[in-house]
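Here is the structure we will look at.
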Amino acid sequence: MTATMPQTGSRRLSTAKAMVEAIGQEMERDESVFVLGEDVGAYGGIFSSTTGLLDRFGPTRVLDTPISETAFIGLAIGAAVEGMRPVVELMFVDFMGVCLDQIYNHMAKIHYESGGNVSVPLVLTTAVGGGYSDGAQHSQCLWGTFAHLPGMKVVAPSTPYDAKGLMTAAIRDPGPVIYMFHKGVMGLAWMAKNQRSIGAVPEEPYEIEIGRANVVREGTDVSVVTVSLSVHHALDVAEQLAGEGISCEVVDLRSIVPLDRAAIRASVAKTGRLVVVDEDYASFGLSGEVIASVVEHDPAALKAAPVRVAVPDVPIPYARELEYAVLPTPARITEAIREVMHP
Amino acid sequence: MTDIVFPAMSKDNAEAEGVVATWFVADGETVAAGQLVAEVAMDKVDMEVTAPVAGVIALASAEGDAVRQGEVIASIT
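And the structure:
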């Protein structure tokens, strides 16, 4: 896949608007693209992921579904198998429990089970992440769960620019892609504001290759490998620690499957130290996989033991103070970086 | 000079207050007619504000400031 990288002009969008722009442009370009899910029509997506699409494309291409995830994700899979390109929204990733059979036994496996004869060109969008007291059933990331199950690509943009380019790439991809948007990077008026959730976005369509990490800040002392909202926290911490003479390199994975192991190794080869920041649960997940990518390849690559900043293995608390005690906050990231610098 | 006012989002209360949630343009930037310049919010409802004419925009309120509807939030010359 060749990614065309246009120059970013001065026009700025929120991550949510960048996502919608990509979906709208693909719907204009390709009649087989359509959108379905709970509250994606008149409401525009509860995190503004589909705002305005119903008005532009009408109810035959933007379908509000009942609360019946197995039925409507199954519908999307059937449509994809028949040659349509559905963008189907699972309102919160936490709801995967009621529809996982469709996702991992059907969507992810049909291509393999058919000996490569049947494709499932589907994008499953879903809201992830916590930080706003929405409780244990509405605050998880769970990208590690989908990444563990083979047959799906899994992406998680952190900026408006990446949100548009990854969405365009996901819609054009011949296979199923899980597109996980963190509520904290969408740039929503009613959520805590994040300065990097508004940024320059080219007006023309472009793709960001799925599976390519991005070094968003160069550094020489420690590699901070992360994804989604945690990229912003890592950049804030890197800025602050630069004042103390610690040079952090921040790697935004952007894609969890495929995982850009080469980019992780290249960064660690330069710095010799590794901190992984992951808003998903700590055990059996992305953070361990990132570390394994390094040490399996070169056990001598690290000068200090790697440190993970992730959600400890407990459900995410509702109470604000307890929730922030488990989230990968800037304070925890700072502490982890000091630990690898002075083991 | 063309003023941009906080839109009348409340039908019941002419004095209702909201906030400019996001400026998509910087003070002094050149904008095109119809370009998205801001998102404003009132009682958890948000609304886009576009430039009525082309020109150079001067912002009259900061993000997060409480603004009465009808009040000038920016002007374009």
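Residue numbers (the numbering used here), protein chains in the order written: chain A, 1 to 343; chain B, 1001 to 1077.
C-beta atoms are modelled at their ideal positions from N, C-alpha and C, and glycine is treated no differently.
Legend entry - Contacting positions in the region 188-200 of chain A - beta carbon closer than 7 Å to chain B: Listed in sequence order: 189, 190 and 198.
Inset, instruction - May I ask you to report which of helix, strand or coil DSSP gives residue 67 of chain A? - result: coil
Legend entry - 9 Å Cβ cut-off: residues of chain B touching residue 13 of chain A: 1024 and 1036
Legend entry - Chain-order list of residues whose beta-carbon lies under 6 Å from that of residue 178 of chain A (same chain, five-residue window excluded): 124, 146, 152 and 154
Inset, instruction - Look up residue 128 of chain A in the DSSP assignment and say whether it is helix, strand or coil. - result: Correct three-state label for residue 128 of chain A: strand.
Inset, instruction - For residue 164 of chain A, count neighbouring Cβ atoms within 10 angstroms of its own Cβ and tell me buried if that reaches 16, exposed if not. - result: Residue 164 of chain A should be labelled buried.
Legend entry - CB contact check: residue 1063 of chain B to chain A, cutoff 9 Å: Yes, contact with chain A.
Legend entry - Opposing strand residues paired with residue 105 of chain A [DSSP bridges]: In DSSP, residue 105 of chain A forms no bridge with anything.
Legend entry - Contacting residues, own chain, Cβ-Cβ under 7 Å from residue 30 of chain A (five flanking each side not counted): 85
Inset, instruction - Output the residue ranges of the beta strand (DSSP E) runs that lie fully inside the region 22-69 of chain A and measure 3 residues or longer, sorted by chain position. - result: 33-37 and 62-64
Legend entry - Limits of the unbroken alpha helix (DSSP H) element including residue 230 of chain A: 229-242
Inset, instruction - Identify the continuous beta strand (DSSP E) that holds residue 1023 of chain B and give its terminal residues. - result: Unbroken beta strand (DSSP E) run through residue 1023 of chain B: 1017-1023.
Inset, instruction - Give the DSSP bridge partners of residue 248 of chain A, in chain order. - result: A/222
Legend entry - Proximal chain A residues relative to residue 1021 of chain B, where beta-carbon distance stays under 7 Å: 189
Inset, instruction - Whole angstroms is fine: what's the gap from residue 240 of chain A's alpha carbon to residue 330 of chain A's? - result: So the alpha carbons of these two residues sit roughly 10 Å apart.
Legend entry - Within 9 Å, strictly: CB atoms of residue 47 of chain A and residue 183 of chain A: yes
Inset, instruction - Can you grab the Cα-Cα spacing for the pair residue 99 of chain A / residue 106 of chain A, in whole Å? - result: 11 Å
Legend entry - DSSP bridge partner residues for residue 1055 of chain B (one or two, in chain order): B/1031
Legend entry - Run of the beta strand (DSSP E) containing residue 1075 of chain B, from where it starts to where it stops: 1072-1076
Inset, instruction - Measuring only between beta-carbons, confirm whether residue 1027 of chain B sits less than 9 Å from chain A. - result: By this cut-off, residue 1027 of chain B is not an interface position.
Inset, instruction - Provide the residue span of the alpha helix (DSSP H) that contains residue 212 of chain A, from first to last. - result: Neither: residue 212 of chain A is in no alpha helix (DSSP H) and is coded neither H nor E.
Legend entry - Residues that DSSP places opposite residue 1037 of chain B in a beta bridge: In the DSSP output, where bridge partners are listed per residue, residue 1037 of chain B has none listed.
Inset, instruction - Could you say which of B/1042, B/1035 and B/1076 lies nearest to residue 1068 of chain B if we only look at CA atoms? - result: Cα-wise, what sits closest to residue 1068 of chain B is B/1042.
Legend entry - CB of residue 250 of chain A within 9 Å of CB of residue 196 of chain A, strictly: no
Inset, instruction - For residue 112 of chain A, count neighbouring C-beta atoms within 10 Å of its own C-beta (all shown protein chains included) and say buried if the count is 16 or more, exposed if not. - result: exposed
Inset, instruction - Give the range of the beta strand (DSSP E) segment to which residue 146 of chain A is assigned. - result: Here residue 146 of chain A belongs to no beta strand (DSSP E); instead the alpha helix (DSSP H) covers 143-148.
Legend entry - Under 9 Å by beta carbon: chain A residues contacting residue 1046 of chain B: 48, 188, 189 and 190
Inset, instruction - Below 8 Å on the Cβ atoms is my guess for residue 1082 of chain B versus residue 1035 of chain B; work out the distance and round it to an integer in Å. - result: Because chain B spans 1001 through 1077 in this model, residue 1082 of chain B falls outside it and cannot be assessed.
Legend entry - Through-space distance from residue 1053 of chain B to residue 245 of chain A, alpha-carbon basis: 48 Å
Inset, instruction - Grab the span of the beta strand (DSSP E) containing residue 198 of chain A for me, first residue to last. - result: That run of the beta strand (DSSP E) goes 198-200.
Legend entry - Reference residue 309 of chain A; option with closest CA among A/58, A/302, A/285 and A/303: Of the listed residues, the one whose Cα sits closest to residue 309 of chain A is A/285.
Legend entry - Local conformation of residue 414 of chain A per DSSP, three classes: Because chain A in this structure spans residues 1 to 343, residue 414 of chain A falls outside the shown range and cannot be described.
Inset, instruction - Establish whether the CB of residue 10 of chain A and some CB of chain B are separated by less than 9 Å. - result: yes
Legend entry - Reduced DSSP category for residue 256 of chain A - H, G, I as helix; E, B as strand; rest coil: strand
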